[in-house]
Amino acid sequence: MSDAAADRRGDTWFGHPKGLLFLSFTEAWERFSFYGMRGLLVLYMVQELLLPGRIEKIAGMAGYRAAVESVFGPLSTTAFASQTFGLYAGFVYFTPLFGGIVADRWLGARKTVLIGIALMTAGHLAMSFDASFLLALLLLVLGSGCLKGNVAAQVGHLYPRDDESRRTRGFTVFSTGINVGAMLGPLLCGLLAQVYGWHFGFGLAAVMMLLAGAVYIAGWRHFADDKPLRRNATTPAMQSADWRMLGLVFVVVALNLFWILPYDQSANIGMLWVAGSVDLATPLGNVPPAWFNAEDPLASVLIAPVLVALWSWQARRGTEPHDTGKMAQGSVVMALSMLALAAGAWQTGVSGKAAIVWPAIAYFLSGVAFMFSWPTILALVSRRAPPGVNAMAVAAAYLALFVSGIVVGWLGRFYEQMPHWQFWLLHAAMCLAGAVLLTILGPMLRRRMDALDAQPSSAPG
218 MSDAAADRRG DTWFGHPKGL LFLSFTEAWE RFSFYGMRGL LVLYMVQELL
268 LPGRIEKIAG MAGYRAAVES VFGPLSTTAF ASQTFGLYAG FVYFTPLFGG
318 IVADRWLGAR KTVLIGIALM TAGHLAMSFD ASFLLALLLL VLGSGCLKGN
368 VAAQVGHLYP RDDESRRTRG FTVFSTGINV GAMLGPLLCG LLAQVYGWHF
418 GFGLAAVMML LAGAVYIAGW RHFADDKPLR RNATTPAMQS ADWRMLGLVF
468 VVVALNLFWI LPYDQSANIG MLWVAGSVDL ATPLGNVPPA WFNAEDPLAS
518 VLIAPVLVAL WSWQARRGTE PHDTGKMAQG SVVMALSMLA LAAGAWQTGV
568 SGKAAIVWPA IAYFLSGVAF MFSWPTILAL VSRRAPPGVN AMAVAAAYLA
618 LFVSGIVVGW LGRFYEQMPH WQFWLLHAAM CLAGAVLLTI LGPMLRRRMD
668 ALDAQPSSAP G
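Here my numbering runs 217 ahead of the position in the sequence shown, where the first position is 1.
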């Protein structure tokens, strides 16, 4: 199926190619498992796994800790858990670059995604045992590398190359599916972990990966044609204009690091702050800290139809913001999220415990910020990147999350060294700096990309 084949055949779903439905639900259940496990990870390490008597049971832990501390210096249990979380969260988004190369050059996206689903299922099962904890993280990193960028690239292949507005809305729908899974994962895995134990939460994540595989196979015929490039001898080499386009695209992606860093920190140190510094008591019992990781995607799900309707209305009036404008708006919203955490931490310094309303506001706003920015990033990369390396380029966009994971883990050490309200205020300042840079540099970058798009293409689009 070519880029516009679904439109020609009438094989559509609410105005979008039907493949979008299956890819969205595949990603929904994969994100259920990923975010369900991620919401437990740092709490599990700090509260149980890394304590004396348990840490000795983890195969390879002594060598791993020695390697980490040789780079980052001696670490407390909290700092070591934060750095481990950061390395895991980072490499989960580093390996998609290689998954994109595998898909583009050898196996195609569909086969590569199936391998990723199998590896991630095995990784979630391995989380159920102390001894295989590090192996589990490795399997999850490799599986995500095969899956992440290739599913997103397949979404881009469903649309004509020059259809910016509908492609962006399609990625917003796709990201809504992501957030449905990301919302349910922490809720259900967090509940099982609190009631029955950590490993029940990890086990449910494995089950949902199997469901993701079933949905993906069911939608197989609705996906775009998927032939590796090495089988197509007529594909021309990339030209200098293609390389310049890639460079401009990744400058835009890099500018989004200023909000991605605080966003990732909310799932790392944010969970420790909620667990230790927020009054979680309610008339119905204590709220599991992991549930705040579910509020973020809930907000994304709720705001998605609002944004789609708003942008469609603006498009009809000729006032829809360009991609970089939407990203700048998302950065401002993310700054407000961090300011809410800073306000809660300030209250903690006075009364001992922050009111639950502060993290409730913060995690809601972070979900809104995500929907302004991340689907827009994926849409821009999938539309602007040259066809010959499109899957690899979409996967490479996730390198921003790799950098963020590593830096977030390192920044986490300062949580124990400075007032917590200052820690979160620093993250708010990052977001505002990103908004300013996107506002100033965005129009210039967009003009240069438009000029390159106007040149004759080096490969069919």
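In this text, a Cβ means the ideal position worked out from N, Cα and C, and glycines have one as well.
Using DSSP with H/G/I as helix, E/B as strand and the rest coil, what is residue i?
i: H539; result: coil
i: G290; result: coil
i: A348; result: coil
i: T565; result: helix
i: G280; result: helix
i: T329; result: helix
i: R498; result: The sequence as given places Ala at residue 498; Arg does not occur at that position. Looking at A498 - three-state DSSP - the assignment turns out to be strand.
i: P377; result: coil
i: P234; result: strand
i: A571; result: strand
i: N503; result: strand
i: I275; result: coil
i: Q264; result: helix
i: Y615; result: coil
i: T312; result: coil
i: Q300; result: helix
i: M635; result: coil
i: Q482; result: helix
i: Q456; result: coil
Rounded to whole angstroms, what is the Cα-Cα separation between residue i and residue j?
i: H233; j: D459; result: 28 Å
i: F297; j: S241; result: 35 Å
i: L421; j: R533; result: 44 Å
i: A572; j: L489; result: 15 Å
i: V574; j: L324; result: 48 Å
i: V523; j: E244; result: 21 Å
i: N607; j: L268; result: 45 Å
i: G236; j: S361; result: 21 Å
i: L669; j: L355; result: 40 Å
i: L405; j: G418; result: 8 Å
i: N596; j: R384; result: First, the residue type needs correcting, since residue 596 is Ala and not Asn in the sequence shown. Cα to Cα, A596 sits roughly 6 Å from R384.
i: V432; j: K570; result: 44 Å
i: M666; j: M462; result: 6 Å
i: L497; j: G487; result: 14 Å
i: I275; j: L266; result: 9 Å
i: V611; j: G270; result: 43 Å
i: G402; j: I477; result: 21 Å
i: F308; j: S529; result: 36 Å
With a threshold of 6 Å on Cβ separation, who are the neighbours of residue i within its own chain once the five nearest residues in sequence on each side are excluded?
i: V585; result: A516, I520 and V550
i: M609; result: G317, I318 and D321
i: H637; result: A562
i: L364; result: V330 and G333
i: T294; result: L267
Kindly indicate which residue of the options has the alpha-carbon position closest to the one of residue i.
i: S590; options: L616, N607, D540 and W627; result: D540
i: L427; options: A245, T338 and M254; result: T338
i: L465; options: K328, L655 and S361; result: L655
i: L238; options: A435, A511 and Q531; result: A435
i: M400; options: E512, A276, L267 and Y261; result: E512
i: L260; options: V424, H341, L336 and N485; result: N485
i: Q531; options: L258, R386 and V288; result: R386
i: I623; options: R248, R271, S287 and A306; result: A306
i: P479; options: M425, K274, H644 and L595; result: H644
i: T565; options: M544, R327, L553 and S494; result: S494
i: K328; options: N367, L474, Q482 and G659; result: N367
i: S548; options: H439, T499 and F475; result: F475
i: R282; options: T312, H341, L351 and A507; result: L351
i: L553; options: R438, S483, G626 and P538; result: S483
i: P505; options: A526, G414, M555 and F587; result: G414
i: G290; options: G430, I657, W627 and S599; result: W627
i: R681; options: R601, V625 and G629; result: An answer regarding residue 681 cannot be provided, because it is not within the stretch 218 to 678 covered by the chain.
Leaving out five residues on either side along the sequence, give the residues of the same chain with a beta carbon under 7 Å from the beta carbon of residue i.
i: F631; result: F640
i: F509; result: V491, P576 and Y580
i: I578; result: A557
i: M425; result: W246, F249 and S250
i: A560; result: W575
i: F388; result: V372, P592, L595 and A596
i: T312; result: V358, L359, S361 and G362
Counting only beta-carbon separations shorter than 8 Å, does residue i have a partner in chain C?
i: A511; result: Reference to chain C is not applicable here, since this structure consists of a single protein chain.
Beta-carbon within less than 8 Å of residue i's beta-carbon, same chain only, minus the 5 sequence neighbours each way: which residues are those?
i: V285; result: L292, F297, Q300, T301 and L304
i: L662; result: L465, V468, V469 and T541
i: T451; result: The pLDDT assigned to T451 is 49, lower than 50, so where the model puts this residue is not dependable, and the model offers no usable value.
| query | Do the stretch 293-308 and the stretch 326-342 touch if we need at least three Cβ pairs shorter than 8 Å? | reply | no
| field | Cβ contact check for the stretch 316-324 and the stretch 635-651: 3 or more pairs under 8 Å | value | no
| Three-pair Cβ contact test at 8 Å for the stretch 389-402 versus the stretch 242-255 | yes
| Validate contact between the stretch 406-413 and the stretch 615-624 using beta carbons, cut 8 Å, 3 pairs | no
| said: Under 8 Å, with one C-beta from each stretch per pair, do the stretch 344-354 and the stretch 362-379 reach the 3-pair mark? | reply: no
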